[in-house]
Structures are given as structure tokens and as C-alpha cells.
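Numbering-wise, the sequence shown is residues 86 to 335 according to our numbering. Step one of this worksheet: look at the structure below.
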Amino acid sequence: MSIRVTVWGENVHDQRHQLVKDIYPRGMHSCIAEALNTVPGIKARTVTLQDHEHGLTEQVLDETDVLTWWGHAAHGEVRDDIAARVADRVLKGMGLIVLHSGHHSKVFKRLMGHNCDLLWREAGEKERLWTVNPGHPIAQGIPAHFELAHEEMYGEPFGIPEPDELVFISWFQGGEVFRSGATWRRGAGKVFYFRPGHETYPTYHDATVKKVIANAVAWAKPECRFGWGCPNVPADKALEPLTVHGGSVH
Ligand code: ZN
């Protein structure tokens, strides 16, 4: 069975700015989904902020193995209950790939438990990404280093909890460095943050970037779905015989 991917796009810059429209005529989310749909075993669809419940209804999430998230201008417009719903799905096993300015999304900050702050500069400078974990599934087929001719700079310190695994580090022409590909496990789910993707550069048309995202989808697919809860286990259902001492305050 194919990995079912939902590509979430904020779709604000894509509508308002001619430069972004010129690079991504059908929106950044469509570019990302079209690339994923060329990969055997992946079936991607798109939803956007403007859709009913931001396109993230319970039914859509039931049919989603991996969610990708790109947002920037409208993080505050994402409903808190829907951000909580998405984060809960990750804890239950859904994969999540957070792209570029999604670092400040409600979903990512909630799952990281941190501010996810960083340095930034828009100078259209060169970014060189180094593959620092060549054995990782997300790095397969990715060269030891690759370059994007023009990108926004993100610099350290990046306000994230220590990653479980670091896959890529970026160097920028201005001298800064950044942890640009990092993974975490949250509950039963896997999270990958991937830095490149400023809206005014053709980053999602880059073949290596497309390959990283496709690899990340394959890596992040659920290994299980686990329904959390707080069930009571009464003494007479304990695995070993128990004598109850004292009373309950409930
Ligand atoms: Zn940006």
C-alpha cells in the first residue's frame, strides 16, 4: 500500500506575491506534492489553510500517514484546536515533516516544547548543506554536500530540543551555520525538520531537495498507530494477586 501524504500549504504568499506565483504557479504545496507523486509507493495530496478546518479534518488525518507542513505569514491563523489535533496524531504515530519557516508553526512548537527561534537574513546568498549522517535513511542518494545558489539564511542558535539525529548541517555564504535536517520521536510518531524552502527562491524545484523530502516521507511513515489513554486497572484485574491496602481518594 502506498504511503499517503498530505501536503499542507499556508498558501498566502503563493496568492499575494507575483514573484512567488512566477516560481510556483500552482502554489508551493502543489510543487511539493507533484514531486512526491513521481515517486513509486507515495501518493500525495494537498490541503491549505483556507480549506474547511484548514484541510485537516479528522477524516483527512485518518487517511494521512505523513503530513508535510509549510507556513510563514499566517501561523497565528491556524486554530489552536487543529494544531492540537495534528500534534495528537503525531503522538499516535503519524509522521510529520516540517519545512523551512514551519519552524515557528504552532504544531512544531507544541511538539518541540520550545520557542524554535533562530537568526535569519534575506540576502539571496548561497547555502551549502553537508550530509553529516550518511547512514541515515533520509540521506540515501544524497551527496556528501550540495548547494542552493540563492536562499534565505537561518543561523544558530536554533531553539529546539536536542535532536535525536542530525542529518544535515547548512553553511551560508555570510558565515553562519545551522542544523538544517534533524529528527525527533514524539510518542509513536516521527518528526523531521528540513530547513530550505524560502518562498522567493525555486528551492522545491531542486532535485536533491525533492529527494530529501521523498526520503523523509519514507522514513516518517507510521510504524504503528497507538491510541493513548489513562485506563484504570482495578486490583482484581492485576496480573498478580493483590491485597488492597488503604483507601482511594477518588
Ligand atoms: Zn523564509
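Where is the CB? At the ideal position from N, CA and C, for every residue including glycine.
From this set, 166, 137, 134 and 178, which residue's C-alpha is nearest residue 151's C-alpha?
Numbered from its first residue, the sequence shown carries residue 151 at position 66. When each option's Cα is compared against that of residue 151, the closest is 178.
Residue 190: beta carbon under 7 angstroms from a heavy atom of the ligand ZN?
Taking the sequence shown and counting its residues from 1, the one referred to as residue 190 is at position 105. For the ligand ZN, not one heavy atom lies less than 7 angstroms from the Cβ of residue 190.
Taking Cβ positions, are residue 223 and residue 304 nearer each other than 8 angstroms?
The sequence position of residue 223 within the sequence shown is 138, counting from 1. The sequence position of residue 304 within the sequence shown is 219, counting from 1. Against a cut-off of 8 angstroms, the Cβ pair of residue 304 and residue 223 comes out as a contact.
Could you tell me the alpha carbon to alpha carbon distance between residue 261 and residue 244, rounded to whole angstroms?
For this step, residue 261 is matched to residue 176 along the sequence shown. For this step, residue 244 is matched to residue 159 along the sequence shown. When rounded, the distance between both Cα atoms is 15 angstroms.
Going by Cα to Cα distance, which pick from 90, 94 and 131 is closest to residue 282?
For the purposes of this step, residue 282 is taken as the residue at position 197 of the sequence shown. Of the candidates 90, 94 and 131, the one whose C-alpha sits nearest the C-alpha of residue 282 is 94.
Anything with a beta carbon under 5 angstroms from a heavy atom of the ligand ZN counts; list them all in chain order.
Residues with a Cβ closer than 5 angstroms to any heavy atom of the ligand ZN, in chain order: 186, 237 and 283.
Within the region 271-311, note down every full beta strand (DSSP E) run reaching 3 residues or more, in order along the chain.
274-279
Run the CB neighbour count on residue 99, radius 10 Å, all protein chains shown included, and call it buried at 16 or more, exposed below.
As a working note, residue 99 is residue 14 in the sequence shown. The residue is buried, with at least 16 neighbouring Cβ atoms inside 10 Å.
Taking the alpha carbon of residue 158 as the point to measure from, which residue in 108, 134 and 168 has its own alpha carbon closest?
What you label residue 158 is simply residue 73 of the sequence shown in a count that begins at 1. Cα-wise, what sits closest to residue 158 is 134.
Classify residue 216 as buried or exposed, calling it buried when 16 or more other Cβ atoms lie within 10 Å of its own Cβ.
Numbered from 1 along the sequence shown, position 131 holds the residue referred to as residue 216. Residue 216 is buried by the Cβ-count criterion.
Would you say residue 256 and residue 213 are within 8 angstroms of each other, going by their C-beta atoms?
Numbered from 1 along the sequence shown, position 171 holds the residue referred to as residue 256. Numbered from 1 along the sequence shown, position 128 holds the residue referred to as residue 213. Yes; because the gap between Cβ atoms is below 8 angstroms, this pair is in contact.
Enumerated in chain order, which unbroken segments of the beta strand (DSSP E) with a length of 3 residues or greater are wholly contained in the region 87-113?
For the region 87-113, the full-length beta strand (DSSP E) segments reaching 3 residues or more read 88-94 along the chain.
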